[in-house]
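Visitor: Quick one: structure below, then a few questions.
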Amino acid sequence: MLDSIRIAIVGSFTGPETKHSDDLLTGAQQAIKDINARGGVEGKMLDGWKYDDAGEPQTALKKADRLVTDHARFVIGHTASALTLTASEYYEDMRSRISTERDPLISTGQAWSPLE
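Going by our numbering, the sequence shown opens with residue 177, and the numbers climb by one from there.
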């Protein structure tokens, strides 16, 4: 989708955490649909892309690198703490390009623009 905000939805869609990841994907897709139905964010539509970390820390790190290459602006996921911890260090390094649900501006509700 051109001129959209790419959202990475990262979970263990194969491996031991598939149920949690499927629920995460369903919720994220519905939220994206609802936001887009109201005109998107600052006039831009959201575009959700699914990434499978397979429940493995090394794969989670590879997917983190891939979503940066794919120009994702935000990350929803991971579904296991070990995977989140592994990938979060990479996301912290890329903070200027990627925000996650761990971002303090998002979690505290402070004003922010997703396009800055």
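Even glycine gets a Cβ: it sits at the ideal position worked out from N, Cα and C.
Here the structure is a predicted model, which means the values were calculated and not measured.
Are there three or more Cβ pairs, one per stretch, closer than 8 Å when the segment 177-193 is compared with the segment 215-234?
Guide: As far as the Cβ criterion goes, the segment 177-193 touches the segment 215-234, which means the pair count is three or higher.
Visitor: Kindly list the residues whose CB is nearer than 7 Å to the CB of A263, restricted to its own chain and excluding five residues on each side of it in sequence; keep chain order.
Guide: Result list for A263: A236, L237, A240 and H254, in chain order.
Visitor: Output yes or no for whether 8 Å exceeds the beta carbon distance between I185 and D223.
Guide: No, they are not a contact pair.
Visitor: In terms of residues, what are the limits of the alpha helix (DSSP H) holding R242?
Guide: Where R242 is concerned, the enclosing alpha helix (DSSP H) stretches over P233 to T245.
Visitor: So, at 8 Å on beta carbons, what are the nonlocal neighbours of N212 in its own chain, with the 5 sequence-adjacent residues on each side left out?
Guide: The answer, listed in chain order, is M221 and L222.
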